[in-house]
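S.K.: Mind having a look at this structure? Questions to follow.
Numbering (the working numbering), first residue to last: 665 to 904.
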């Protein structure tokens, strides 16, 4: 039996989106072309334990409304597990909270984003080093991707390679070795999901001085996120 791809679920999407569109693990598995039988989901925020990292073929860590800086017990346990998985050479992709947690697990720093909340569809510029990266190599120099977060990686882990920069997130994507990546953006989101987040956060966005209507209008569908997840799936298969 082929080992599963593990989706480490660190939280859930906003309620209205969940009712209409399901949740993170469904979007990730779909974009990666994985069937239910090929995926194992562990809800670590709800107390699920994690398997031996050597018994799985790849890991995707989801986003969350939690904050890495709160150092919740389940999050810290997951960080320790992630460090072990990276050390074992298991392919790892951290998304949003997962990106931050991976950085924290490997010795980086996570803080409140000094530029405030980042939400909507944004441009992310690849670094020169990204062109030779196994996951990012061959992409356009600028990616158009969805985001929704309030915290960011503010110091990369030792030995990490910076792969992408955004206006409000200068450490937007990184790699450790050639089998572990963190991306602050949400490759599994589409425009409808982004708008669902804007609608759910609308009152808070207004209090923070953000133009929710303009952000809603600028939300667009893009292939870049799905292409990244498809590439990660190929890297997982190629490593079997």
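Don't be surprised by glycine CBs; every beta carbon is placed ideally from N, CA and C.
So, helix, strand or coil for residue 667, using DSSP?
M.R.: It is coil, neither helix nor strand.
S.K.: By the three-class DSSP mapping on this structure, what secondary structure does residue 865 have?
M.R.: Three-state DSSP puts residue 865 in coil, outside helix and strand.
S.K.: Measuring alpha carbon to alpha carbon, tell me which residue in 865, 846, 668 and 888 is nearest residue 714.
M.R.: Considering only 865, 846, 668 and 888, the residue with the shortest C-alpha distance to residue 714 is 668.
S.K.: By the DSSP assignment, the alpha helix (DSSP H) with residue 679 in it spans what residues?
M.R.: 679-685
S.K.: For residue 775, name the three-state secondary structure that DSSP assigns.
M.R.: Note: residue 775 maps to strand in three-state DSSP.
S.K.: What is the DSSP secondary structure of residue 730, counted as helix, strand or coil?
M.R.: Three-state DSSP puts residue 730 in coil, outside helix and strand.
S.K.: Going by the CB atoms, is the gap between residue 778 and residue 842 shorter than 8 Å?
M.R.: no
S.K.: Sort out for me which residues DSSP pairs residue 795 with in a bridge.
M.R.: DSSP output for residue 795 lists no bridge partner at all.
S.K.: Classify residue 906 as buried or exposed, calling it buried when 16 or more other Cβ atoms lie within 10 Å of its own Cβ.
M.R.: Nothing in the structure corresponds to residue 906, since the chain is present only between 665 and 904.
S.K.: Rounded to whole angstroms, how far is the Cβ of residue 818 from the Cβ of residue 858, which I believe are closer than 8 Å?
M.R.: The pair is not a contact, with the Cβ atoms about 24 Å apart (cut-off 8 Å).
S.K.: Going by other Cβ atoms of all chains shown within 10 Å of its Cβ, with 16 needed for buried, is residue 781 buried or exposed?
M.R.: buried
S.K.: Nearest to residue 789 by alpha carbon, out of 733, 734 and 847?
M.R.: Just measuring C-alpha positions, the residue of 733, 734 and 847 sitting nearest residue 789 is 847.
S.K.: In whole angstroms, what separates the C-alpha of residue 892 from that of residue 832?
M.R.: When rounded, the distance between both Cα atoms is 21 Å.
S.K.: Since residue 900 is in the beta strand (DSSP E), which residue starts that stretch and which ends it?
M.R.: Here residue 900 belongs to no beta strand (DSSP E); instead the alpha helix (DSSP H) covers 888-902.
S.K.: My output table needs one value for residue 815: the three-state DSSP class, helix, strand or coil.
M.R.: strand
S.K.: Do residue 726 and residue 815 have their beta-carbon atoms positioned less than 8 Å apart in this structure?
M.R.: no
S.K.: For residue 827, tell me which candidate among 679, 792, 879 and 751 has the shortest Cα-Cα distance.
M.R.: Among 679, 792, 879 and 751, the Cα nearest to that of residue 827 belongs to 792.
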